[in-house]
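Residue numbers (full-length UniProt numbering): 1 to 192.
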(Lines of atoms letter the chains of each structure in order from A and count residues from 1; the text may use other names and numbers.)
(Lines give C-alpha, C1' and ligand atoms only; values in the text may rest on other atoms or scores of the structure.)
Protein backbone atom coordinates (compact mmCIF):
# COMPACT_ATOMS: atom_id res chain seq x y z
CA UNK A 1 0.00 0.00 0.00
CA UNK A 2 1.36 3.39 -1.04
CA UNK A 3 0.16 6.80 0.09
CA UNK A 4 0.34 9.13 -2.89
CA UNK A 5 -0.20 12.89 -2.80
CA UNK A 6 -1.06 15.43 -5.45
CA UNK A 7 -0.55 19.19 -5.20
CA UNK A 8 -1.39 21.86 -7.76
CA UNK A 9 -1.36 25.64 -7.96
CA UNK A 10 -3.01 27.63 -10.73
CA UNK A 11 -0.27 30.15 -11.42
CA UNK A 12 3.52 30.02 -11.43
CA UNK A 13 3.59 32.75 -8.78
CA UNK A 14 1.75 30.61 -6.24
CA UNK A 15 3.68 28.38 -3.88
CA UNK A 16 3.23 24.63 -3.44
CA UNK A 17 4.92 24.48 -0.01
CA UNK A 18 1.72 24.64 2.08
CA UNK A 19 0.15 21.75 0.16
CA UNK A 20 3.32 19.65 0.07
CA UNK A 21 3.91 20.10 3.82
CA UNK A 22 0.33 19.00 4.55
CA UNK A 23 0.71 15.96 2.26
CA UNK A 24 3.98 14.94 3.94
CA UNK A 25 2.34 15.33 7.35
CA UNK A 26 -0.54 13.11 6.12
CA UNK A 27 2.00 10.35 5.40
CA UNK A 28 2.50 10.65 1.64
CA UNK A 29 5.56 8.75 0.48
CA UNK A 30 5.34 10.04 -3.09
CA UNK A 31 4.00 13.45 -4.13
CA UNK A 32 3.16 14.65 -7.62
CA UNK A 33 2.97 18.43 -8.02
CA UNK A 34 2.50 20.96 -10.79
CA UNK A 35 2.21 24.69 -11.35
CA UNK A 36 -0.01 26.62 -13.75
CA UNK A 37 -1.54 23.59 -15.37
CA UNK A 38 -4.22 24.05 -17.99
CA UNK A 39 -7.53 22.24 -17.68
CA UNK A 40 -6.69 19.94 -20.54
CA UNK A 41 -3.14 18.98 -19.70
CA UNK A 42 -2.19 18.02 -16.17
CA UNK A 43 0.78 15.75 -16.73
CA UNK A 44 1.56 15.18 -13.06
CA UNK A 45 -2.04 14.26 -12.25
CA UNK A 46 -2.04 11.84 -15.17
CA UNK A 47 1.24 10.35 -13.90
CA UNK A 48 -0.15 10.04 -10.36
CA UNK A 49 -3.33 8.34 -11.59
CA UNK A 50 -1.26 5.90 -13.64
CA UNK A 51 0.97 5.12 -10.66
CA UNK A 52 -1.91 4.28 -8.30
CA UNK A 53 -2.66 0.61 -7.60
CA UNK A 54 -5.37 -1.25 -5.72
CA UNK A 55 -5.02 -0.67 -1.98
CA UNK A 56 -3.23 2.69 -2.39
CA UNK A 57 -4.45 5.92 -0.82
CA UNK A 58 -4.57 9.09 -2.90
CA UNK A 59 -4.49 12.36 -0.96
CA UNK A 60 -5.02 15.97 -2.00
CA UNK A 61 -4.79 19.07 0.14
CA UNK A 62 -8.15 20.35 -1.08
CA UNK A 63 -10.79 19.08 -3.53
CA UNK A 64 -10.35 22.00 -5.93
CA UNK A 65 -6.71 20.97 -6.40
CA UNK A 66 -7.88 17.68 -7.92
CA UNK A 67 -10.85 18.71 -10.05
CA UNK A 68 -12.20 21.91 -11.50
CA UNK A 69 -15.83 20.87 -11.60
CA UNK A 70 -18.13 18.75 -9.48
CA UNK A 71 -18.68 16.43 -12.43
CA UNK A 72 -14.93 15.88 -12.90
CA UNK A 73 -14.49 15.29 -9.16
CA UNK A 74 -17.25 12.68 -9.04
CA UNK A 75 -15.83 10.86 -12.08
CA UNK A 76 -12.31 10.79 -10.65
CA UNK A 77 -13.31 9.66 -7.18
CA UNK A 78 -15.69 7.04 -8.61
CA UNK A 79 -12.82 5.66 -10.67
CA UNK A 80 -10.76 5.40 -7.46
CA UNK A 81 -13.50 3.32 -5.87
CA UNK A 82 -13.71 1.09 -8.95
CA UNK A 83 -9.95 0.52 -8.80
CA UNK A 84 -9.87 -0.17 -5.04
CA UNK A 85 -8.07 3.09 -4.24
CA UNK A 86 -9.00 5.12 -1.18
CA UNK A 87 -9.23 8.91 -1.39
CA UNK A 88 -8.67 11.68 1.14
CA UNK A 89 -8.93 15.46 1.01
CA UNK A 90 -7.12 17.03 3.95
CA UNK A 91 -8.78 20.46 4.16
CA UNK A 92 -12.25 19.18 3.29
CA UNK A 93 -12.11 16.32 5.84
CA UNK A 94 -13.14 13.71 3.28
CA UNK A 95 -11.89 10.17 3.68
CA UNK A 96 -13.39 7.32 1.66
CA UNK A 97 -12.01 4.78 4.12
CA UNK A 98 -14.91 5.84 6.38
CA UNK A 99 -18.62 5.43 5.79
CA UNK A 100 -19.12 9.19 6.29
CA UNK A 101 -16.59 9.92 3.52
CA UNK A 102 -18.39 7.54 1.19
CA UNK A 103 -21.69 9.22 2.08
CA UNK A 104 -20.21 12.65 1.31
CA UNK A 105 -19.11 11.45 -2.11
CA UNK A 106 -22.58 10.07 -2.75
CA UNK A 107 -23.96 13.52 -1.99
CA UNK A 108 -21.42 15.06 -4.40
CA UNK A 109 -22.53 12.63 -7.11
CA UNK A 110 -26.16 13.63 -6.52
CA UNK A 111 -25.21 17.32 -6.65
CA UNK A 112 -23.34 16.81 -9.93
CA UNK A 113 -26.41 15.11 -11.43
CA UNK A 114 -28.62 17.90 -10.09
CA UNK A 115 -26.30 20.49 -11.68
CA UNK A 116 -26.49 18.70 -15.07
CA UNK A 117 -30.29 18.48 -14.81
CA UNK A 118 -30.63 22.19 -13.99
CA UNK A 119 -28.44 23.16 -16.96
CA UNK A 120 -30.49 20.92 -19.24
CA UNK A 121 -33.78 22.39 -17.94
CA UNK A 122 -32.54 25.96 -18.40
CA UNK A 123 -31.35 25.20 -21.92
CA UNK A 124 -34.69 23.66 -22.87
CA UNK A 125 -36.61 26.59 -21.31
CA UNK A 126 -34.43 29.07 -23.22
CA UNK A 127 -34.97 27.25 -26.50
CA UNK A 128 -38.73 27.11 -25.88
CA UNK A 129 -38.85 30.85 -25.03
CA UNK A 130 -36.90 31.68 -28.20
CA UNK A 131 -39.22 29.46 -30.25
CA UNK A 132 -42.29 31.28 -28.86
CA UNK A 133 -40.71 34.59 -29.93
CA UNK A 134 -40.26 33.19 -33.42
CA UNK A 135 -36.52 32.77 -33.16
CA UNK A 136 -34.76 29.71 -34.47
CA UNK A 137 -31.47 28.19 -33.49
CA UNK A 138 -28.59 27.42 -35.77
CA UNK A 139 -26.91 29.36 -38.50
CA UNK A 140 -29.04 32.11 -40.03
CA UNK A 141 -30.59 31.22 -43.36
CA UNK A 142 -29.74 33.27 -46.36
CA UNK A 143 -26.57 34.62 -47.80
CA UNK A 144 -23.97 36.89 -46.23
CA UNK A 145 -22.56 40.00 -47.86
CA UNK A 146 -19.41 38.08 -48.77
CA UNK A 147 -21.59 35.30 -50.16
CA UNK A 148 -23.47 37.80 -52.34
CA UNK A 149 -20.19 39.14 -53.66
CA UNK A 150 -18.94 35.64 -54.42
CA UNK A 151 -22.26 34.69 -56.03
CA UNK A 152 -22.10 37.69 -58.40
CA UNK A 153 -18.49 36.92 -59.32
CA UNK A 154 -19.31 33.24 -59.83
CA UNK A 155 -22.24 34.14 -62.10
CA UNK A 156 -20.09 36.52 -64.15
CA UNK A 157 -17.34 33.89 -64.57
CA UNK A 158 -19.89 31.15 -65.34
CA UNK A 159 -21.46 33.22 -68.09
CA UNK A 160 -18.03 33.38 -69.73
CA UNK A 161 -18.34 29.90 -71.16
CA UNK A 162 -14.58 29.62 -71.74
CA UNK A 163 -13.86 29.27 -68.00
CA UNK A 164 -14.13 25.78 -66.52
CA UNK A 165 -16.17 24.96 -63.42
CA UNK A 166 -12.98 23.98 -61.54
CA UNK A 167 -11.32 27.30 -62.43
CA UNK A 168 -14.40 29.24 -61.27
CA UNK A 169 -14.44 27.36 -57.96
CA UNK A 170 -10.72 27.96 -57.44
CA UNK A 171 -10.82 31.67 -58.24
CA UNK A 172 -13.93 32.35 -56.15
CA UNK A 173 -12.75 29.92 -53.43
CA UNK A 174 -15.95 27.92 -53.18
CA UNK A 175 -16.88 24.30 -53.74
CA UNK A 176 -18.89 22.94 -56.66
CA UNK A 177 -22.07 22.53 -54.61
CA UNK A 178 -21.84 26.15 -53.44
CA UNK A 179 -21.24 27.35 -57.01
CA UNK A 180 -24.32 25.52 -58.27
CA UNK A 181 -26.39 26.79 -55.32
CA UNK A 182 -25.29 30.39 -56.04
CA UNK A 183 -26.12 30.00 -59.72
CA UNK A 184 -29.52 28.45 -58.96
CA UNK A 185 -30.35 31.28 -56.52
CA UNK A 186 -29.64 33.78 -59.30
CA UNK A 187 -31.78 31.91 -61.84
CA UNK A 188 -28.87 30.98 -64.09
CA UNK A 189 -29.49 28.13 -66.50
CA UNK A 190 -26.83 25.49 -65.92
CA UNK A 191 -24.52 24.23 -68.66
CA UNK A 192 -25.10 20.78 -70.05
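Every residue gets a Cβ at the ideal spot worked out from N, C-alpha and C, and that includes glycine.
Check: residue i C-beta below 6 Å from any heavy atom of the ligand MG
i, result
"residue 54", "What this structure holds is no ligand at all, so the ligand MG is not there to describe."
Enclosing alpha helix (DSSP H) for residue i [first to last residue]
i, result
"residue 24", "17–25"
"residue 145", "145–159"
"residue 8", "That residue, residue 8, is in no alpha helix (DSSP H); its beta strand (DSSP E) goes 3–9."
"residue 168", "165–172"
Nearest neighbour of residue i, chosen from the options [CA to CA]
i, options, result
"residue 61", "158, 182, 88 and 43", "88"
"residue 112", "78, 125, 134 and 188", "78"
"residue 83", "68, 55, 64 and 73", "55"
"residue 45", "117, 66 and 30", "66"
"residue 116", "74, 152 and 146", "74"
"residue 173", "190, 186, 161 and 146", "146"
"residue 48", "30, 70, 41 and 156", "30"
"residue 33", "50, 43 and 160", "43"
Beta-carbon proximity check, residue i vs residue j, cutoff 7 Å
i, j, result
"residue 179", "residue 154", "yes"
"residue 16", "residue 24", "no"
"residue 2", "residue 19", "no"
Residue interval of the beta strand (DSSP E) (run including residue i)
i, result
"residue 256", "Outside the modelled stretch of the chain, which goes from 1 to 192, sits residue 256, for which no answer is possible."
"residue 83", "Looking at the DSSP string, residue 83 is not in any beta strand (DSSP E); the run it does join, the alpha helix (DSSP H), is 70–83."
"residue 57", "57–60"
"residue 88", "86–89"
Cβ shell of residue i (< 7 Å), same chain only, five flanking positions each side left out
i, result
"residue 158", "168, 183 and 188"
"residue 76", "66 and 67"
Residues near residue i in its chain [Cβ-Cβ closer than 8 Å; skip 5 each side]
i, result
"residue 80", "52, 58, 86, 87 and 96"
"residue 109", "74 and 78"
Cβ neighbours of residue i in the same chain (closer than 6 Å, five flanking residues each side left out)
i, result
"residue 35", "9 and 12"
"residue 191", "none"
"residue 104", "94"
> Okay, do the stretch 139–151 and the stretch 115–125 touch, 3+ Cβ pairs below 8 Å being the bar?
Replying inline: Taking 8 Å as the limit for Cβ pairs, the verdict is that the stretch 115–125 does not touch the stretch 139–151.
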